[in-house]
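Novice:
Residue numbers (this note's numbering), protein chains in the order written: chain D, 1 to 370; chain L, 1001 to 1373.
1. Is there at least one Cβ from chain L nearer than 7 Å to residue 345(D)'s Cβ?
2. Given that residue 366(D) touches chain L, what residues does it touch there, using C-beta distances under 7 Å?
3. Can you find a C-beta in chain D that's less than 7 Å from the C-beta of residue 1029(L)?
4. Can you name the start and end residues of the alpha helix (DSSP H) that residue 1210(L) belongs to?
5. Can you check which of these residues, 1225(L), 1199(L) and 1136(L), is closest to residue 1355(L) by C-alpha distance?
6. Short of 7 Å Cβ to Cβ, which residues in the region 283-307 of chain D face chain L?
7. Spatial neighbours of residue 1336(L) within its chain, please: C-beta separation below 7 Å, excluding the five flanking residues on both sides.
8. So, does the CB of residue 25(D) fall closer than 7 Å to a CB anywhere in chain L?
9. Alpha carbon to alpha carbon, what distance is there between residue 1248(L) and residue 55(D)?
10. Once you ignore the five residues that flank residue 1148(L) on each side, which residues in its own chain have a CB closer than 8 Å to its CB?
11. Using DSSP with H/G/I as helix, E/B as strand and the rest coil, what is residue 1362(L)?
12. So the candidates are 1350(L), 1100(L), 1357(L) and 1083(L); which of them puts its Cα closest to the Cα of residue 1235(L)?
13. Taking residue 140(D) as the query, report the chain L residues whose CB atoms sit under 7 Å from its CB, ordered along the chain.
14. Give me the chain D residues within the contact set of residue 1155(L), using Cβ-Cβ distance strictly less than 7 Å, ordered along the chain.
15. Does the CB of residue 1014(L) have a neighbour CB from chain D at under 7 Å?
16. Whose Cβ in chain L lies nearer than 8 Å to the Cβ of residue 348(D)?
17. Roughly how many angstroms separate the alpha carbons of residue 1374(L) and residue 1201(L), rounded to a whole number?
18. Can you check whether the CB of residue 1068(L) is closer than 7 Å to the CB of residue 1186(L)?
19. Is it the case that the region 1060-1076 of chain L contacts the region 1086-1103 of chain L, given that we only count it when at least three CB pairs across the two stretches are under 8 Å?
20. According to the neighbour-count rule (16 or more other Cβ atoms, all chains shown, within 10 Å of its Cβ), is residue 201(D) buried or exposed?
21. Taking 8 Å as the limit between beta carbons, can you name the residues of its chain near residue 1300(L), skipping five residues before and five after?
22. List the endpoints of the continuous beta strand (DSSP E) containing residue 1231(L).
23. Give the interface partners of residue 1113(L) over in chain D, defined as CB-CB distance under 8 Å, in chain order.
24. To which residues of the same chain is residue 227(D) closer than 6 Å at the C-beta, ignoring the five residues directly before and after it?
25. Can you tell me the Cβ-Cβ gap for residue 36(D) and residue 181(D), rounded? I've got them flagged as a contact below 8 Å.
26. So, for residue 356(D): in the same chain, excluding its five sequence neighbours on each side, which residues have a beta-carbon less than 7 Å away from its beta-carbon?
27. In this structure, does DSSP put residue 173(D) in helix, strand or coil?
28. Please tell me whether residue 128(D) and residue 67(D) are closer than 7 Å, where the distance is taken between their beta carbons.
29. Within 10 angstroms of its Cβ, does residue 1017(L) collect 16 or more other Cβ (buried), or is it exposed?
30. Give the range of the beta strand (DSSP E) segment to which residue 98(D) is assigned.
31. Check this for me: beta carbons of residue 1258(L) and residue 1313(L), under 7 Å apart or not?
32. Alpha carbon to alpha carbon, how far is residue 1084(L) from residue 1163(L)? Give it in angstroms, no decimals.
33. Measure the alpha-carbon distance for residue 259(D) versus residue 192(D) and round it to whole angstroms.
34. Report yes if the C-beta distance between residue 1268(L) and residue 1352(L) is below 7 Å; otherwise report no.
35. My output table needs one value for residue 1064(L): the three-state DSSP class, helix, strand or coil.
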């Protein structure tokens, strides 16, 4: 798919800068000689568009969260307006002393969401409006607010988490893979514009420049790449999962250093590591949440419904992943295992989801660590 | 379509001094797995206590399920008495297995949460009996399944009421179906766990015996974590503390209806069976047990050996359990002081197991409850 990147004035300006010469070593031109830094500190790195998208997502989540308190009716119209950035519902935020004017940013989450998934996200928003208006206590077959303060559908889907985990694929994952690392590298925009696209991709990951040494403030995938490596609560010392943190960090650093040195070939090689890796991350995160669900069994059905909703959200994200390699049959087999009502799923049924995902991706040796 | 976009920033032509790229470190791979002779304690506990306990539980739940089938076919005082007897036997067998909630039991979800959550949810049970759509092992049905649900259906309000529930009641067919689903679930899960331990099945026994040492993940660590949790949380807090109104430092309203097996009045016998199981595991029955490991540490307690202190306290707790009033719920209602005295001994036992024993053996107790002990 082709989207994006017209040459804005700013880009033209950047494109005219002579960028690479100063940093190049004087070796053979065919083999650029440069060092790759260990942190994402590049002199012209730009994170503001990514921060704008992530801030908008967080503000929509905050509105959805209001529905987790009984009596609060969440307007589906407002949610959809925020999704399309109309109506001026966002609050400006500040990042690194830059004020992010969300409402007037000209950026819309909806138009940057994978096209086929846009109506899907809006359906979730409509459902939130209806469920929050019931005023009921959530129960098997009854939408409402659960004893865990979560707004659940009649069949146990915790909407806020289902929204977030789906968005991590259809918006965040899509922008990183299809747009910033896909289209931008393969378009004829300037190398400086490619660098900035790469920067947005990195910051959409939701990690700080010195990740994973520093994991303060990680969000969305920035949190989950650690969770599926070895769990979020312990230091990432011994990687026991799918090694997402080093895989992504190394590739992002190497690719950005390559772009800084006009080495498009290496940058594309690194993009080719990151882009297909999102399928693994989505599947591993879906599996991870089945472990969370198992661990939450003693805390009651509503808690388990929450974890399963996260799991299903990740699995739904995978559905809209344009680069997935999983067969349609395997994908559908896992969907079937989620069933039609989380309230009635059995522990063995949760295990079956985990076992199927693990068997598809060959993770039997690490599935209990994911 | 709106374009996402790159906010232009000024670019300074500064050649930065790039940090040295990360290099691959050589070697690694960790320490080799421990080798050496078998841990005779694990061999004995696995072979002569844990596996046989599950075999007995599995056999008893199969007997229970058959008795339920006979009762459902022809509900009468005779068939009811038979199924009640089978229930009591199976429940006591469970008291000798609740200490092993790791490995196959965790994998098959044959856990206290699904097997012995009390007080049972009688509203949910009645709803299911009356025609609600349910999945017996569903995550929203845990409080309406297992032994406590059977306890309710088979004993609540006397034999006449029970027989009426399964004969003349408008929802008798639903009651039969639910009763059958409850016993079938227990039978299936206990058979699966037994098979998973068995040398002719999943042979977890071999894995159990081979996972020596005291690290997290070692069999001794898994076993003692489950053992201490069962004593601290299930026996101390749920079976006695909460019914008598004590939870850690907190005083609660007395709740005699919250005892285990409140309808059958089997509470005392289950407590005795469970403490006997704790004792049996600690002593390794007639062979090598936890006691040998504790004795080998030469750990001391109050001027004597820690091992002796634990053995003495286990005996004291058992004696107290044998002296409890029957039924326990009535004793609580009547403020019978022997229950509080027994609870005091139970708490001493918990500290000995959770603090002294675990630290002497170098086992990290990783579960957390919030009762302050």
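For every residue, glycine included, the Cβ atom is placed at its ideal position computed from N, Cα and C.
Specialist: Based on what the coordinates show:
1. For this step, residue 345(D) is matched to residue 345 along the first chain. Judged by the 7 Å Cβ criterion, residue 345(D) is in contact with chain L.
2. Position 366 of the first chain, counted from the start, is the residue given in the question as residue 366(D). Per Cβ cutoff of 7 Å: no residues; residue 366(D) is ~14 Å from chain L at best.
3. Position 29 of the second chain holds residue 1029(L). No answer about residue 1029(L) holds up, because its pLDDT of 36 lies below 50 and its placement is not dependable.
4. Position 210 of the second chain holds residue 1210(L). Residue 1210(L) -> alpha helix (DSSP H) spans 1204-1210.
5. Locating residue 1355(L) in the second chain gives position 355, counting from the first residue. Answer by Cα proximity: 1225(L).
6. Here the close residues are 297, 298, 301 and 304.
7. In the second chain, the residue the question calls residue 1336(L) occupies position 336. Result list for residue 1336(L): 1325, in chain order.
8. Indexing the first chain from 1 puts residue 25(D) at position 25. In this prediction, residue 25(D) has a pLDDT of 43, which is less than 50 and means its spatial position is unreliable; nothing more can be read from the coordinates.
9. Residue 55(D) sits at position 55 when you count from the first residue of the first chain. Residue 1248(L) sits at position 248 when you count from the first residue of the second chain. Taking the straight line from one Cα to the other gives about 44 Å.
10. As a working mapping, residue 1148(L) is identified with position 148 in the second chain. Taken in chain order, the residues that qualify are 1116, 1117, 1118, 1119, 1120, 1260 and 1261.
11. Working through the second chain from its first residue, we reach residue 1362(L) at position 362. In this structure, residue 1362(L) counts as coil in the three-state DSSP scheme.
12. Residue numbering aside, residue 1235(L) sits at position 235 when the second chain is read from its first letter. It is 1350(L).
13. In the first chain, residue 140(D) corresponds to position 140, counting from 1. Here the neighbours are 1140.
14. Locating residue 1155(L) in the second chain gives position 155, where the first residue counts as 1. Those within 7 Å of residue 1155(L) in chain D number zero; the least Cβ separation is about 26 Å.
15. Stepping through the second chain from its first residue, residue 1014(L) is reached at position 14. For residue 1014(L), the predicted model reports a pLDDT of 32, less than 50, meaning its position is unreliable; a value from the coordinates is still stated below. Taking Cβ atoms only, chain D reaches closer than 7 Å to residue 1014(L), which makes this a yes.
16. Taking the first chain and counting its residues from 1, one reaches residue 348(D) at position 348. In chain order: 1108, 1109 and 1137.
17. The structure shown does not extend to residue 1374(L), since chain L is modelled only from 1001 to 1373, so the question has no answer here.
18. Taking the second chain and counting its residues from 1, one reaches residue 1186(L) at position 186. Taking the second chain and counting its residues from 1, one reaches residue 1068(L) at position 68. Result no, Cβ atoms of residue 1186(L) and residue 1068(L) do not sit closer than 7 Å.
19. At 8 Å Cβ cutoff, the stretches touch.
20. Numbered from 1 along the first chain, position 201 holds the residue referred to as residue 201(D). Residue 201(D) should be labelled buried.
21. Looking up residue 1300(L) in the second chain gives position 300. Here the set comprises 1306.
22. The residue labelled residue 1231(L) in the question sits at position 231 within the second chain. No beta strand (DSSP E) contains residue 1231(L), which DSSP labels as neither H nor E.
23. Taking the second chain and counting its residues from 1, one reaches residue 1113(L) at position 113. Under the 8 Å cutoff, chain D gives 297 and 298.
24. Taking the first residue of the first chain as position 1, residue 227(D) is located at position 227. Contacts found: 288.
25. For the purposes of this step, residue 36(D) is taken as the residue at position 36 of the first chain. For the purposes of this step, residue 181(D) is taken as the residue at position 181 of the first chain. About 17 Å; that fails the 8 Å criterion.
26. Residue mapping note: residue 356(D) aligns to position 356 of the first chain, counting from 1. So the qualifying residues of the chain are 333, 334 and 337.
27. Here residue 173(D) corresponds to residue number 173 of the first chain, with the count starting at 1. If DSSP states are grouped into helix, strand and coil, residue 173(D) belongs with the helices.
28. Taking the first chain and counting its residues from 1, one reaches residue 128(D) at position 128. Taking the first chain and counting its residues from 1, one reaches residue 67(D) at position 67. In this structure, residue 67(D) lies closer than 7 Å to residue 128(D) by Cβ.
29. Your numbering for residue 1017(L) matches position 17 in the second chain. Here the model assigns residue 1017(L) a pLDDT of 31, short of 50, so the residue's position is not dependable, and the following value carries that caveat. Residue 1017(L) is exposed by the Cβ-count criterion.
30. What you label residue 98(D) is simply residue 98 of the first chain in a count that begins at 1. Start and end: 98-100.
31. Numbered from 1 along the second chain, position 258 holds the residue referred to as residue 1258(L). Numbered from 1 along the second chain, position 313 holds the residue referred to as residue 1313(L). Going by C-beta atoms, residue 1258(L) is not nearer than 7 Å to residue 1313(L).
32. Taking the first residue of the second chain as position 1, residue 1163(L) is located at position 163. Taking the first residue of the second chain as position 1, residue 1084(L) is located at position 84. Taking the straight line joining both Cα atoms gives about 12 Å.
33. In the first chain, the residue the question calls residue 259(D) occupies position 259. In the first chain, the residue the question calls residue 192(D) occupies position 192. Using only the alpha carbons, I get a separation of about 8 Å.
34. In the second chain, counting from the first residue as 1, residue 1268(L) sits at position 268. In the second chain, counting from the first residue as 1, residue 1352(L) sits at position 352. For residue 1268(L) and residue 1352(L), no; Cβs fall outside 7 Å.
35. Walking along the second chain from the start, residue 1064(L) turns up at place 64. Three-state DSSP puts residue 1064(L) in a helix.
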